[in-house]
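**Student:** Please find one structure pasted underneath; my questions will follow.
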Amino acid sequence: MSSDTSDVPEPEGFRTPTNLRGLLPQRSFGLKLLLVCALALLMAIPALFVYTVVYDRSSRAETATRAVSERYGGQQTAIGPVLIVPYSQPVTEGIRTKTERNALVLYPETGSAVTTLATEVKTSGIHEVPIYAADIAFDASFQTSRITDSVPAEATIDWNDIRLLVGLSDSRSVRKPTEIKVSGQDMPVEPMSAPSGVENWNRTSMTLLGTTLSGLDNRATPLKVSAALSFSGAERIALSPFARTTTVSVSGDWDDPKFEGGFQQAAYEGGGDGEGFAATWTIPYEARGIPGYQNAAQAFFSMQGHENTVSIRLINTASPYQSVQRALKYALMFIGFVFLAYFLFEIVSQKRAHPAQYVLVGLAQSVFYLLLLALAEQTGFDVAFWVAAAMTITLTSGYATSVFRSRMYGYRALGIFTAVYTLIYVLMRIEDFALLVGAFASFIAIGFTMYMTRNIDWYGGNRQATT
20 MSSDTSDVPE PEGFRTPTNL RGLLPQRSFG LKLLLVCALA LLMAIPALFV YTVVYDRSSR
80 AETATRAVSE RYGGQQTAIG PVLIVPYSQP VTEGIRTKTE RNALVLYPET GSAVTTLATE
140 VKTSGIHEVP IYAADIAFDA SFQTSRITDS VPAEATIDWN DIRLLVGLSD SRSVRKPTEI
200 KVSGQDMPVE PMSAPSGVEN WNRTSMTLLG TTLSGLDNRA TPLKVSAALS FSGAERIALS
260 PFARTTTVSV SGDWDDPKFE GGFQQAAYEG GGDGEGFAAT WTIPYEARGI PGYQNAAQAF
320 FSMQGHENTV SIRLINTASP YQSVQRALKY ALMFIGFVFL AYFLFEIVSQ KRAHPAQYVL
380 VGLAQSVFYL LLLALAEQTG FDVAFWVAAA MTITLTSGYA TSVFRSRMYG YRALGIFTAV
440 YTLIYVLMRI EDFALLVGAF ASFIAIGFTM YMTRNIDWYG GNRQATT
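Take the position in the sequence shown, starting the count at 1, then add 19; the result is the number in our numbering.
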């Protein structure tokens, strides 16, 4: 039985077209719009490559900055005077009893740190690093009766090995001999090692400088201590609230500091234009969040924690890499705006633009970000943006004159692309409202396109466009 159905006529309405152009016209603007959208998405690939270049340059800048920073001590954290109290206590393990050595940190009742910063900018190639010379004057008052109350009841205090210490992240940057005075008397200062028999008392990288005290077991009056610490650092300085109640004052000649850490300043003065700044913090015992005494191993970790410090960061200028990365986040949207303008020019001018020409225009937009990065490293973001934008606008609007064979469309492109790049710049400067402005701009662009194409026959070549 033959299965040949070649002679069976096709039902009416199901005839297969032999010429696809009959179904999909060659000059279909609907298909052209879909193609333009696909090309806009394709342009995300070169934009992604530019993003990797930005990341690489940013990493190089961080390496160069770190090298300069480390030569001057890096980001420093300073700790004011505290007492290290060694003690021994019996510990029972099963039927055996042994003596264990330990140490605790006793914080002063009140303390103050008055800090003065003299700043300077160092360069490494094209990168700038703010450095500083810091002078800190510490004052502290200890209630020595708390020593006995702080150790376990069965413990025996080693009164002859109590240490009075100040701390610094990197002591290699110390510029002058550290001074410590106890009740007005100068004390010898040296790097401190662990008390005899005490292990794991300082598991941080902080260098501890100080002196050994004796005779505190017979002292009835408060112990008055002062210390002076002079050192260099870079980018950031942090001070730990080292007393139950601590007052911190910092002043310097830097115009635009950024305050970090876990505490809000009580007072601030600084008007820019070379006037420098002055700020004061008062941290009471309750806000400090650290007990009046701690096991030594825990204490230095607690005091160095970011949330437990007063920190000042010297902000130089906004990183060009961060600004370019933000601009790249909007790359696809703005490439779409430019493609949309070219598409509308096609409809209005009745001139065809080849997909390859769209690709060239998209590549020009991607190279804009590369130009922006290269120029921003040399001149800063603002100047770099407008120079790169002027170059790109001139190129793409001049190309529009050639593609659509009319200077009128070149001038129109010049106006539209200038507005597009102005919008990019505005979004860079109003970070809090960038989403709102970008959303409205996209809505207006889509609405304008819908208006301009309202009379278009999307299936065929017949069109009526509003000019």
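Glycine is no exception: its CB is placed at the ideal position from the N, C-alpha and C atoms.
#1: Using a Cβ-Cβ cutoff of less than 8 Å, which residues in the same chain neighbour ARG194 once the five nearest sequence positions on both sides are dropped?
#2: So does the stretch 194 to 209 actually touch the stretch 158 to 171, counting three or more Cβ pairs closer than 8 Å?
#3: Might you give, ordered along the chain, the residues of its own chain that have their beta carbon closer than 6 Å to the beta carbon of VAL244, omitting 5 neighbours on each side?
#4: Over what stretch of residues does the beta strand (DSSP E) that includes SER249 continue unbroken?
#5: Give the C-beta separation of PHE261 and ILE98 to the nearest angstrom, bearing in mind that I take them to be a contact with Cβ-Cβ under 8 Å.
#6: Please tell me whether TYR361 and GLN376 are closer than 9 Å, where the distance is taken between their beta carbons.
#7: Please classify GLU365 as buried or exposed, where buried requires at least 16 neighbouring CB atoms within 10 angstroms.
#8: Could you tell me the alpha carbon to alpha carbon distance between TYR470 and ARG371, rounded to whole angstroms?
#9: Comparing C-alpha positions only, which one of ALA419, TYR287, LEU347 sits nearest to LEU392?
#10: Span of the beta strand (DSSP E) holding GLN204?
#11: So what's GLY93 in DSSP terms, helix, strand or just coil?
#12: The alpha helix (DSSP H) with ALA419 in it runs from where to where?
#13: Please classify PRO387 as buried or exposed, where buried requires at least 16 neighbouring CB atoms within 10 angstroms.
#14: Report yes if the CB atom of ALA297 is closer than 9 Å to the CB atom of SER270, and no otherwise.
#15: From VAL402, ALA395, PRO374, pick the residue whose C-alpha is nearest to that of VAL422; which is it?
#16: Classify ASP275: buried if its beta carbon has 16 or more other beta carbons within 10 angstroms, exposed otherwise.
#17: Give me the Cα-Cα distance between ARG54 and ILE463, rounded to the nearest whole angstrom.
#18: Closest to THR265 by C-alpha separation, out of GLN317, ILE64, PRO127, would be which residue?
#19: How close, in whole Å, do the beta carbons of ALA285 and THR301 come, if the pair is a contact with beta carbons under 8 Å?
#20: Please classify PRO303 as buried or exposed, where buried requires at least 16 neighbouring CB atoms within 10 angstroms.
#21: So, using beta-carbon positions, are ALA408 and VAL343 closer together than 9 Å?
#22: Quick one: residues in its chain with C-beta nearer than 7 Å to the C-beta of PRO65, no 5 flanking neighbours on either side, listed in chain order?
#23: Would the beta-carbon of THR175 fall within 9 Å of that of VAL185?
#24: Whole angstroms are fine: how far does the CA of LEU52 sit from the CA of ALA438?
#25: As a quick exercise: from ILE354, ALA246, ASP236, LEU235, pick the residue whose alpha carbon is nearest that of LEU228.
#26: Which one of GLU173, THR163, LEU258 has the shortest CA to CA distance from LEU242?
#27: Output the distance between the C-alpha atoms of ARG85 and THR71, rounded to the nearest integer angstrom.
#28: Which one or two residues does DSSP pair with THR437 in a beta bridge?
#29: Give every residue of the same chain whose Cβ lies closer than 7 Å to the Cβ of THR468, excluding the five residues on either side of it in the sequence, and list them in chain order.
#30: On the DSSP bridge assignment, give the partners of SER268 in chain order.
#31: Rounded to a whole number of angstroms, what is the C-alpha to C-alpha distance between LEU183 and THR398?
#32: Given this structure, state the Cα-to-Cα distance separating VAL267 from ALA350, to the nearest angstrom.
#33: Cutting at 8 Å between CB atoms, please list the residues of its own chain near LEU58, excluding the five before and the five after it.
#34: Report the residue from GLN369, THR420, VAL104, THR472 whose alpha carbon sits nearest the alpha carbon of GLY234.
#35: Buried or exposed: where does SER78 fall if 16 or more other Cβ atoms within 10 Å of its Cβ makes it buried?
#36: Run through DSSP, which three-state label would ALA350 get?
**Tutor:** This is what the structure gives:
#1: Locating residue 194 in the sequence shown gives position 175, where the first residue counts as 1. Closer than 8 Å at the Cβ level, and outside the excluded window around ARG194, lie ALA152, SER249, PHE250, SER251.
#2: Verdict: no, contact absent.
#3: Within the sequence shown, numbered from 1, the residue matching residue 244 stands at position 225. Only residues of its own chain outside the window of five on either side were considered, and among them PRO100, ALA159, VAL201 have a CB closer than 6 Å to the CB of VAL244, listed in chain order.
#4: Position 230 of the sequence shown, counted from the first residue, corresponds to residue 249. Per DSSP, SER249 belongs to the beta strand (DSSP E) from 242 to 253.
#5: Taking the first residue of the sequence shown as 1, we reach residue 261 at position 242. Taking the first residue of the sequence shown as 1, we reach residue 98 at position 79. About 5 Å separates the two Cβ atoms, so the contact holds.
#6: Looking up residue 361 in the sequence shown gives position 342. Looking up residue 376 in the sequence shown gives position 357. Cβ distance < 9 Å, so TYR361 and GLN376 count as in contact.
#7: The residue labelled residue 365 in the question sits at position 346 within the sequence shown. GLU365 is buried by the Cβ-count criterion.
#8: Here residue 470 corresponds to residue number 451 of the sequence shown, with the count starting at 1. Here residue 371 corresponds to residue number 352 of the sequence shown, with the count starting at 1. Straight-line spacing of the CA atoms in TYR470 and ARG371 works out to 20 Å.
#9: The residue given as residue 392 occupies position 373 in the sequence shown. For the residues ALA419, TYR287, LEU347, the minimum Cα distance to LEU392 belongs to LEU347.
#10: Against the sequence shown, residue 204 aligns to sequence position 185. GLN204 -> beta strand (DSSP E) spans 204 to 206.
#11: On the sequence shown, residue 93 is found 74 positions in, with the first residue counted as 1. Looking at GLY93 - three-state DSSP - the assignment turns out to be coil, as it is neither helix nor strand.
#12: As a working mapping, residue 419 is identified with position 400 in the sequence shown. Annotation: the continuous alpha helix (DSSP H) that includes ALA419 extends over 400 to 422.
#13: In the sequence shown, residue 387 corresponds to position 368, counting from 1. Looking at the sequence itself, residue 387 is Phe, so the reference to Pro does not match. Around the C-beta of PHE387, 16 or more other C-beta atoms lie within 10 Å, and the residue is accordingly described as buried.
#14: Position 278 of the sequence shown, counted from the start, is the residue given in the question as residue 297. Position 251 of the sequence shown, counted from the start, is the residue given in the question as residue 270. Yes, Cβ-Cβ distance for ALA297 and SER270 is below 9 Å.
#15: The residue labelled residue 422 in the question sits at position 403 within the sequence shown. With distances taken between Cα atoms, VAL422 lies closest to PRO374.
#16: As a first step, residue 275 must be located in the sequence shown, where it is residue number 256. It counts as exposed.
#17: The residue given as residue 54 occupies position 35 in the sequence shown. The residue given as residue 463 occupies position 444 in the sequence shown. According to the sequence provided, residue 54 is Leu. The question's Arg does not apply to it. Whole-angstrom Cα-Cα distance: 22 Å.
#18: Sequence index remark: in the sequence shown, residue 265 carries index 246 (1-based). When C-alpha distances from THR265 are compared across GLN317, ILE64, PRO127, the shortest belongs to PRO127.
#19: By 1-based counting over the sequence shown, the position of residue 285 is 266. By 1-based counting over the sequence shown, the position of residue 301 is 282. Confirmed, about 5 Å.
#20: As a working mapping, residue 303 is identified with position 284 in the sequence shown. Flag for PRO303 reads exposed.
#21: Walking along the sequence shown from the start, residue 408 turns up at place 389. Walking along the sequence shown from the start, residue 343 turns up at place 324. By the CB criterion at 9 Å, ALA408 and VAL343 fall outside the cutoff.
#22: Within the sequence shown, the letter at position 46 stands for residue 65. Cβ within range, chain order: LEU382, SER385.
#23: By one-based count along the sequence shown, residue 175 stands at place 156. By one-based count along the sequence shown, residue 185 stands at place 166. The answer is no: Cβ separation not under 9 Å.
#24: As a first step, residue 438 is located in the sequence shown; it is residue number 419 there, counting from the start. As a first step, residue 52 is located in the sequence shown; it is residue number 33 there, counting from the start. Taking the straight line from one Cα to the other gives about 22 Å.
#25: Start at 1 with the first residue of the sequence shown, and residue 228 comes out as number 209. Closest by alpha carbon: ALA246.
#26: Counting from one through the sequence shown, the residue named residue 242 turns up at place 223. Nearest C-alpha to LEU242: THR163.
#27: Taking the sequence shown and counting its residues from 1, one reaches residue 85 at position 66. Taking the sequence shown and counting its residues from 1, one reaches residue 71 at position 52. In a straight line, the C-alpha of ARG85 is about 21 Å away from that of THR71.
#28: Here residue 437 refers to the residue found at position 418 of the sequence shown. Paired residues: none, contrary to the question.
#29: Here residue 468 is taken as the residue at index 449 of the sequence shown, counted from 1. Cβ neighbours of THR468 beyond the five flanking positions: LEU359, LEU363.
#30: Here the question's residue 268 lines up with position 249 in the sequence shown. As DSSP reads the structure, SER268 sits in a beta bridge with VAL133, THR299.
#31: In the sequence shown, counting from the first residue as 1, residue 183 sits at position 164. In the sequence shown, counting from the first residue as 1, residue 398 sits at position 379. Whole-angstrom Cα-Cα distance: 50 Å.
#32: In the sequence shown, the residue the question calls residue 267 occupies position 248. In the sequence shown, the residue the question calls residue 350 occupies position 331. Going from the Cα of VAL267 to the Cα of ALA350 covers about 46 Å.
#33: Walking along the sequence shown from the start, residue 58 turns up at place 39. Cβ within range, chain order: PHE358, PRO374, TYR377, VAL378, GLY381.
#34: Locating residue 234 in the sequence shown gives position 215, where the first residue counts as 1. Of the candidates GLN369, THR420, VAL104, THR472, the one whose C-alpha sits nearest the C-alpha of GLY234 is VAL104.
#35: For the purposes of this step, residue 78 is taken as residue 59 along the sequence shown, with counting starting at 1. The residue is exposed, with fewer than 16 neighbouring Cβ atoms inside 10 Å.
#36: Numbered from its first residue, the sequence shown carries residue 350 at position 331. Note: ALA350 maps to helix in three-state DSSP.
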